[in-house]
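Chains as they are written, first to last, in my numbering: chain A, 4 to 264; chain B, 4 to 264.
We put the CB at the ideal spot given by N, CA and C, even for glycine.
To start, the structure itself, in structure tokens.
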DNA sequence: GTTACCCGTG
DNA sequence: CACGGGTAAC
């Protein structure tokens with residue numbers, strides 16, 4: 004059975020709802036994970052997506068963060084509690100089972116700057132994920148971890164790795180924390196199918212002409228446990244063609260799997 | 004000596020600075036009073052107006068209210084303190100002497116609704132003006148009181164006087180308070196020269212197609228003591244022709260005087 | 001630098 | 001309901 008998954012930092016679902024609906028029409032997804040929905044649950048524009056044939060699980064807050072999982076299939080909620088370290092009320096993790104796949108959608112804290120309070124929070128938040136996976140899943144299950152990780156894992160995932168090393172998003176402490184979680188049993192599905200670098204999902208719009216100069220970051224990811232990764236067919240980056248991009252936009256990232264029956 | 008005065012609720016001097024500069028170029032004013040500048044004094048964009056040849060006296064606060072007096076002549080500050088009742092930190096009154104004329108610029112509270120706390124504040128604020136005039140001026144002096152009064156004084160100053168009676172801006176309590184101050188010694192200079200009604204300075208944009216249907220209010224005023232009123236030549240309403248109006252805009256209101264030498 | 005949300009206001 | 005300013009985040 005073909006299973007197609009996508010992740011997208013939407014930066015306000017209310018501002019980009021039309022764009023997302025168009026894109027969903029063009030791309031038949033089995034599951035889509037959104038980050039930065041920036042809306043309280045009571046204001047989530049569910050009606051439009053229901054009409055388009057989607058179920059959803061979402062967790063939002065006022066103004067910031069917010070995550071959602073959409074699917075045309077049944078979306079069965081599973082434990083979305085990160086516990087101790089990270090349960091500060093920020094809506095950054097949501098998990099559901101879809102077609103027998105355990106989907107975990109995270110919006111990892113951005114981290115501000117390596118010397119900030121928020122950076123340590125980011126590191127702790129990432130490390131807490133390992134306990135979360137340990138408590139709720141096993142590496143031999145079909146686990147799909149997607150989202151905006153706010154970390155570019157490898158040198159080929161940033162434009163100027165030497166210059167960027169130590170900056171937030173490409174910092175040894177982030178790499179170490181993320182690797183610690185990866186070692187639980189994840190594979191980078193996009194990298195599996197796309198060995199060449201400089202394929203980005205985000206551009207920092209505070210840098211002049213960042214898009215033209217392609218000074219991007221690959222910080223949005225699709226990771227999978229071994230049994231799921233080994234049946235992945237392809238993975239790629241996409242955008243909605245009719246949408247007028249804004250400098251802060253992320254791209255979509257997708258992966259396709261041939262699930263065992 | 005010809006003396007030309009204007010009043011304008013600018014609803015953010017930063018948003019309408021260019022429009023105002025164009026209008027000032029087209030209209031040679033001796034004094035102009037602004038309300039709702041919506042800017043702290045340290046952020047007041049004085050440089051642009053200085054360059055255009057204006058002096059200014061201004062009193063602002065964060066986000067709300069704020070008043071200013073501009074002139075190409077010397078602007079001599081005079082007492083701008085309303086005392087007890089109204090000195091709540093809201094920047095709503097500023098006064099200056101220009102060419103021997105005592106100019107008082109007020110942004111009278113809007114009043115929200117007749118049963119609200121803010122309405123009683125409005126009434127008290129208006130009444131406090133009589134004490135203010137008493138303490139600082141005399142009715143036989145040249146006193147020019149201008150601004151956004153947030154009151155339409157007469158039935159011909161609103162579109163449907165019967166329907167509007169009792170609404171905020173056309174309420175007996177407001178009329179009584181305003182008349183009490185007027186009785187100190189003011190004349191309505193615009194009305195002196197424009198006896199016909201339905202000439203408005205503001206339209207409430209919550210009403211559909213309010214502009215097309217001309218459902219306006221005359222709430223911006225130029226009032227003068229007898230010795231000044233008697234040398235008034237004309238008074239009229241104006242807009243900046245190139246400016247794309249927004250539903251919340253007020254118009255300019257002007258008056259011209261032939262001052263004794 | 002630029003966005004999106006929130007708030008108070010009319 | 002739409003505007004303006006303020007704010008936090010990226």
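- If you look at residue 192 (chain A), you'll find it in the alpha helix (DSSP H) that goes 192 to 196.
- From the listed residues B:237, B:69, B:165, the smallest Cα separation to residue 110 (chain B) is found for B:69.
- Each residue's CA atom was taken as its position, placing residue 58 (chain A) and residue 251 (chain B) some 42 angstroms apart.
- Considering only B:227, B:182, B:120, the residue with the shortest C-alpha distance to residue 144 (chain B) is B:227.
- Within the model, the alpha-carbon separation for residue 184 (chain A) versus residue 93 (chain A) is close to 20 angstroms.
- Annotation: residue 15 (chain B) to residue 35 (chain B) spans about 15 angstroms, alpha carbon to alpha carbon.
- CA-to-CA, the gap between residue 107 (chain B) and residue 150 (chain B) works out to about 8 angstroms.
- The beta carbons of residue 84 (chain A) and residue 146 (chain A) sit no closer together than 7 angstroms.
- A check of alpha carbon separations from residue 255 (chain B) across B:156, B:192, B:243, B:163 identifies B:243 as the nearest.
- Assigned with DSSP and collapsed to three states, residue 38 (chain A) falls in strand.
- The C-beta of residue 135 (chain A) has 16 or more other C-beta atoms within 10 Å across all chains shown, which makes the residue buried.
- In this structure, the CA atom of residue 124 (chain B) is about 28 angstroms from the CA atom of residue 257 (chain B).
- For the options B:12, B:224, B:9, B:220, the alpha carbon positioned closest to that of residue 164 (chain B) is the one of B:220.
- Using a Cβ distance threshold of 7 angstroms, residue 155 (chain B) and residue 222 (chain B) count as a contacting pair.
- Straight across, the Cα-Cα distance linking residue 64 (chain B) with residue 17 (chain B) is about 14 angstroms.
- Using a Cβ-Cβ distance cut-off of 8 angstroms, the stretch 184 to 196 of chain A and the stretch 207 to 217 of chain A are not in contact, since fewer than three pairs of beta carbons, one from each stretch, lie closer than that value.
- Minimum Cα-Cα distance from residue 231 (chain B) among the listed residues B:159, B:172, B:141, B:48 corresponds to B:141.
- In this structure, the beta-carbon distance from residue 117 (chain B) to residue 99 (chain B) does not fall below 7 angstroms.
- Secondary structure at residue 133 (chain B): helix, using DSSP grouped into helix, strand and coil.
- Straight-line measurement puts the Cα of residue 239 (chain A) at about 19 angstroms from the Cα of residue 218 (chain A).
- Residue 76 (chain B) and residue 6 (chain B) have their alpha carbons spaced roughly 11 angstroms apart.
- Taking C-beta separations shorter than 6 angstroms and ignoring five residues to either side along the sequence, the partners of residue 43 (chain B) in its chain run 63, 65, following chain order.
- The C-beta distance from residue 190 (chain B) to residue 157 (chain B) rounds to 13 angstroms, too long to fall under 8 angstroms, and the pair is not in contact.
- Rounded to the nearest angstrom, the gap between the Cα atoms of residue 37 (chain B) and residue 46 (chain A) is 39 angstroms.
- In the DSSP secondary-structure assignment, residue 149 (chain B) is bridged to B:108, B:225.
- Excluding residues up to 5 positions away in sequence, 155, 161, 167 lie with their Cβ nearer than 6 angstroms to the Cβ of residue 173 (chain A) in the same chain.
- Judged by DSSP secondary structure, residue 61 (chain A) falls outside any alpha helix (DSSP H) and instead within the beta strand (DSSP E) spanning 58 to 62.
- Taking all protein chains shown into account, residue 91 (chain A) has fewer than 16 neighbouring C-beta atoms within 10 Å of its C-beta and is therefore exposed.
- Selection B:159, B:97, B:129, B:249 evaluated against residue 200 (chain B) yields B:159 as nearest (Cα-Cα).
- The distance from the Cβ of residue 234 (chain B) to that of residue 260 (chain B) is about 5 angstroms, consistent with a contact at the 8 angstroms cut-off.
- Under the DSSP definition of a beta bridge, residue 219 (chain A) partners with A:206.
- Excluding its 5 nearest sequence neighbours in each direction, residue 103 (chain B) has C-beta neighbours in its own chain below 8 angstroms: 145, 262, listed in chain order.
- Note on geometry: alpha-carbon atoms of residue 31 (chain B) and residue 74 (chain B) lie some 10 angstroms from one another.
- The C-alpha of residue 82 (chain A) lies about 10 angstroms from the C-alpha of residue 138 (chain A).
- With respect to the 7 angstroms criterion, residue 55 (chain B) and residue 23 (chain B) are not classified as neighbours on the basis of their beta carbons.
- Around the beta carbon of residue 112 (chain B), a 10 Å sphere encloses 16 or more other beta carbons of the protein chains shown; the residue is thus reported as buried.
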